[in-house]
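Enquirer: Just so we're aligned, residue 460 is where the sequence shown starts under the working numbering, counting upward by one.
Just so you know, even glycine gets a beta-carbon here, dropped at the ideal spot from N, CA and C.
Here's a structure for you.
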Amino acid sequence: MSMIEFRNVEKYYDEFHALIDINLTINEGEKVVLIGPSGSGKSTLIRTINGLERVHSGQLLVNGFDLADKKTDMNKIRKNVGMVFQHFNLYTNKTVLENIMIAPRLVLKRSESENKKLAMELLDSIGLADKAGNLPSQLSGGQSQRIAIARSLAMKPKCLLFDEPTSALDPEMIDDVLNVMREVAEDSSMTMLVVTHEMSFAREVADRVIFMDSGKILEDNLKEIFFDGEPTNNRARRFLSKIGKH
460 MSMIEFRNVE KYYDEFHALI DINLTINEGE KVVLIGPSGS GKSTLIRTIN GLERVHSGQL
520 LVNGFDLADK KTDMNKIRKN VGMVFQHFNL YTNKTVLENI MIAPRLVLKR SESENKKLAM
580 ELLDSIGLAD KAGNLPSQLS GGQSQRIAIA RSLAMKPKCL LFDEPTSALD PEMIDDVLNV
640 MREVAEDSSM TMLVVTHEMS FAREVADRVI FMDSGKILED NLKEIFFDGE PTNNRARRFL
700 SKIGKH
């Protein structure tokens with residue numbers, strides 16, 4: 460069953476055509492990696508899925524709701540679609556524990572006892588239970604990003620979006636974050652869409668790889684075909700020849 464479906468979606472920024480005739484279906488439980496050069500439209504595409512960017516034409520169906528319809532309640536979408544950003548976006552004046560508990564408290568009306576129990580379980584699962592009382596300013600970048608992932612998981616979403624989650628991190632912190640993402644991917648019910656340049660992660664975790672350039676999807680293939688066979692698109696082949704070994 461499809462979780463996300465783009466039908467002839469177009470997106471503009473003034474005169475700039477950011478997304479061009481996007482047709483894409485992502486099924487429940489699929490792990491999909493989006494790759495491509497900077498400015499290719501990857502982040503714009505992923506940000507339309509939870510309504511951070513509105514599409515200009517076409518249909519975008521997420522969990523049965525049409526995001527192209529201005530009457531659609533985005534809060535209902537975001538209950539089931541979490542997002543992890545490049546720069547963490549933690550509340551700087553709240554503790555790590557509060558950062559994880561606040562959305563389930565306000566949106567899901569989860570009881571405090573259940574909320575705290577789940578938050579501490581998530582912190583323990585990412586190896587940061589000892590940081591529960593810390594403020595974000597007391598964390599490293601890698602720790603902050605792991606907290607951001609736990610915060611999204613606390614909502615128990617059906618789908619989790621990652622927009623280049625390791626691009627702002629020092630190299631030695633990247634593996635810790637990728638390991639948490641690998642654990643998330645082991646949940647067969649979780650739909651994941653990841654914008655990343657981490658090819659080893661894509662090879663390991665993805666079911667499918669989507670290659671974008673200049674606002675278009677140029678390649679959509681199983682990871683085995685994309686990495687170990689040969690992409691059908693010439694631009695994708697050139698891109699892979701430059702970074703595929705990394």
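Is it a yes or a no for the segment 466-474 touching the segment 652-666, going by three-plus beta-carbon pairs under 8 angstroms?
Expert: As far as the Cβ criterion goes, the segment 466-474 does not touch the segment 652-666, which means the pair count is below three.
Enquirer: On a Cα-Cα basis, can you pick out the residue from 476, 479, 492 that is closest to residue 681?
Expert: Per the Cα distances, 492.
Enquirer: Could you spell out the range, first to last residue, of the beta strand (DSSP E) harbouring residue 493?
Expert: Per DSSP, residue 493 belongs to the beta strand (DSSP E) from 490-494.
Enquirer: DSSP three-state label for residue 462, please.
Expert: Reduced to three states, the DSSP call for residue 462 is strand.
Enquirer: For the alpha helix (DSSP H) holding residue 577, just list the boundary residues, first then last.
Expert: Residues 571-584.
Enquirer: Just the Cα atoms here: how many angstroms apart are residue 583 and residue 474?
Expert: The straight-line gap from Cα to Cα measures roughly 48 angstroms.
Enquirer: In this structure, how does DSSP classify residue 529 when only helix, strand and coil are distinguished?
Expert: If DSSP states are grouped into helix, strand and coil, residue 529 belongs with coil.
Enquirer: Would you call the segment 555-565 and the segment 604-613 in contact, with 3 or more CB pairs under 8 angstroms?
Expert: Result yes; three or more Cβ-Cβ pairs closer than 8 angstroms.
Enquirer: Return helix, strand or coil for residue 610, following the three-state DSSP convention.
Expert: Note: residue 610 maps to helix in three-state DSSP.
Enquirer: So what's residue 634 in DSSP terms, helix, strand or just coil?
Expert: Correct three-state label for residue 634: helix.
Enquirer: Using only the alpha-carbon positions, how far apart do residue 553 and residue 530 sit?
Expert: Using only the alpha carbons, I get a separation of about 33 angstroms.
Enquirer: Do the CB positions of residue 450 and residue 604 come within less than 8 angstroms of each other?
Expert: The requested residue 450 does not occur in the structure, where the chain is confined to residues 460 to 705.
Enquirer: Cα-Cα, which of 657, 674, 574 is closest to residue 429?
Expert: Since the first and last residues shown for the chain are 460 and 705, residue 429 lies out of range.
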